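Note sheet for the following structure.
There are 2 protein chains.
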Amino acid sequence: MSISRRDEIIVAATELFARQGFHAVGMRAIADAVGIRGSSLYHYFPSKVDLLHAIAQEATRSFIETQLPSLESIPSNAARLRELIREHVIYFHEHSQEEAVGLRELQELRENLPEQYVALQEIRRSYQNAIERMISDGIVDGEFTCDDAHLATLAILGMVNSVNDWFREYGTYSIERVADAYAELSVGRLLGAGDPSPASE
Amino acid sequence: MSISRRDEIIVAATELFARQGFHAVGMRAIADAVGIRGSSLYHYFPSKVDLLHAIAQEATRSFIETQLPSLESIPSNAARLRELIREHVIYFHEHSQEEAVGLRELQELRENLPEQYVALQEIRRSYQNAIERMISDGIVDGEFTCDDAHLATLAILGMVNSVNDWFREYGTYSIERVADAYAELSVGRLLGAGDPSPASE
DNA sequence: CGGCTAGCCTAACGAACGTTCGACCGGGTG
DNA sequence: CACCCGGTCGAACGTTCGTTAGGCTAGCCG
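Going line by line, the protein sequences match chains A and B. 1 is the number of the first residue of the first sequence in the numbering used here; add one for each residue after it. 202 is the number of the first residue of the second sequence in the numbering used here; add one for each residue after it.
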């Protein structure tokens, strides 16, 4: 009742794609994981790359929808960006498989589902633009000292997106600790904003 | 005479693997790219994953060999790390296909050539340790202000390794400009080292 | 000159691939 | 009861996969 068979397929395929890669996973392997036959998958998805597209779209869309609204209420660019990065790291950790597929197998969509690929790229681009605008505004307001908002955006995104490559549960750090640290490294250090709680100064 | 057929195969396979992914490229496609038949590849490599291993090994080994020696002569940790990051970005750009394969298809080696995978991981780990030690030493010497050398290492590596995901020749920036900027962002900002030319102070 | 071998070929192997087709089965609706 | 239809199935399609086996040829070595 709670989750549909379609969602069940998406969950199983996400795990397999994340672990082994799109081309290394056959339709029959996905079907096995949910206890049906390969041919039955075509009742839910017209093709294998459409299944991939459903995964990537859900990963991208739900990430953006979770992230962007939380920005509205925070006044300063520095505090807002700090919170954004914190939540970015934590969301990526909680949905590491989906986001791994979304980042790594985009090339497949580009070649086989070009217009859906473009749509996804536009969503990602809008997220990147939101960050860049926060940084630009923060520079104008004097919150940040930074030469190039565009480069800083790319650098920060590269940083936060790479956490899943090394982070392991039950390691030295908790994900919240890493999220806090990366927010401070990005906003406090890279962008040169001051201490987040100026009362201590 | 200049390059052997074996190297020719490695070059062609690297390009195909980088563009389409290991599993999306067949042995016959690689053979076509060098003008021979698929079966002839087995005269040079015992299997497809051994070919991948040759690529990944060469990418990792030659990168490390190019990078590490250049550190010896530079005295301060800050200047040495700056130069390391500069060269890292530039090397990754000049060998973007090799490094893309080396980073993305490691999972394949892990499952099929486990001991060779471990060997490569050890090489990468030694590079990471070299960076971390530079940062630790710099903290002790008072060059850097930074809480956690390990986290800073991972953050910087994530930053510099992500340049190839967005950098395009003939774009806004030259690769040297990006390399300089990332060195400054990492050492000057993230680690809190001062201006690289203290004469201006 | 005779033989070895590096390099490449054609042919084929069994397995797996993504996908299609037609049929069946069971539960809800008229 | 008769009907429909969502969901699943077995079987098969043609293609491609990684890999193997065996044979040909050209050049080097004795």
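Every residue gets a Cβ at the ideal spot worked out from N, C-alpha and C, and that includes glycine. Note that the coordinates shown come from a computational prediction; the quantities given were computed from them, not determined experimentally.
Interface flag, residue i vs chain A, CB-CB below 8 Å
{"i": "L285/B", "result": "no"}
{"i": "S363/B", "result": "yes"}
{"i": "L352/B", "result": "yes"}
{"i": "A225/B", "result": "yes"}
{"i": "L217/B", "result": "no"}
{"i": "L307/B", "result": "no"}
Distance between residue j and residue i (C-alpha atoms, nearest Å)
{"i": "E284/B", "j": "I9/A", "result": "48 Å"}
{"i": "L52/A", "j": "D338/B", "result": "46 Å"}
{"i": "P75/A", "j": "M134/A", "result": "11 Å"}
{"i": "A380/B", "j": "I286/B", "result": "7 Å"}
{"i": "G35/A", "j": "I175/A", "result": "34 Å"}
{"i": "Q329/B", "j": "M360/B", "result": "13 Å"}
{"i": "N278/B", "j": "H351/B", "result": "16 Å"}
{"i": "S126/A", "j": "W367/B", "result": "15 Å"}
{"i": "A54/A", "j": "D7/A", "result": "10 Å"}
{"i": "A31/A", "j": "D148/A", "result": "48 Å"}
{"i": "Q116/A", "j": "L185/A", "result": "35 Å"}
{"i": "S241/B", "j": "Y374/B", "result": "43 Å"}
{"i": "G142/A", "j": "I204/B", "result": "56 Å"}
{"i": "R206/B", "j": "A260/B", "result": "18 Å"}
{"i": "L282/B", "j": "A181/A", "result": "21 Å"}
{"i": "A33/A", "j": "V118/A", "result": "31 Å"}
{"i": "R369/B", "j": "L103/A", "result": "18 Å"}
{"i": "R110/A", "j": "S47/A", "result": "15 Å"}
Contacts that residue i makes with chain B (C-beta to C-beta distance below 8 Å)
{"i": "L113/A", "result": "Correct list: empty, because the minimum Cβ distance to chain B is about 15 Å."}
{"i": "D148/A", "result": "A382"}
{"i": "L185/A", "result": "L352, A353, A356, L391"}
Residue i at chain B interface by Cβ criterion, 8 Å
{"i": "D50/A", "result": "no"}
{"i": "A181/A", "result": "yes"}
{"i": "D7/A", "result": "no"}
{"i": "L71/A", "result": "no"}
{"i": "G21/A", "result": "yes"}
{"i": "L68/A", "result": "no"}
Contacts of residue i in chain B (Cβ-Cβ under 7 Å)
{"i": "M159/A", "result": "A356, G359, M360"}
Residue j beta carbon less than 8 Å from that of residue i
{"i": "S70/A", "j": "E94/A", "result": "no"}
{"i": "R189/A", "j": "L391/B", "result": "yes"}
{"i": "S363/B", "j": "N161/A", "result": "yes"}
{"i": "Q258/B", "j": "L321/B", "result": "yes"}
{"i": "Y91/A", "j": "F63/A", "result": "yes"}
{"i": "R262/B", "j": "I324/B", "result": "yes"}
{"i": "T14/A", "j": "V101/A", "result": "yes"}
{"i": "I332/B", "j": "T354/B", "result": "yes"}
{"i": "V226/B", "j": "F218/B", "result": "yes"}
{"i": "F144/A", "j": "A193/A", "result": "yes"}
{"i": "G222/B", "j": "R229/B", "result": "no"}
{"i": "V49/A", "j": "E108/A", "result": "yes"}
{"i": "E306/B", "j": "N365/B", "result": "no"}
{"i": "H224/B", "j": "H23/A", "result": "yes"}
Per-residue contacts from residue i into chain A (C-beta, under 7 Å)
{"i": "R390/B", "result": "R189, L190, G192"}
{"i": "G239/B", "result": "Under the 7 Å cutoff, chain A gives no residues; its nearest Cβ is about 18 Å from G239/B."}
Listed by chain order, chain A residues near residue i by CB distance under 9 Å
{"i": "L310/B", "result": "The premise fails here: L310/B is roughly 13 Å from chain A at the closest Cβ pair, so nothing lies under 9 Å."}
For residue i, the three-state DSSP class (helix, strand or coil)
{"i": "P75/A", "result": "coil"}
{"i": "P46/A", "result": "coil"}
{"i": "G339/B", "result": "helix"}
{"i": "Y292/B", "result": "helix"}
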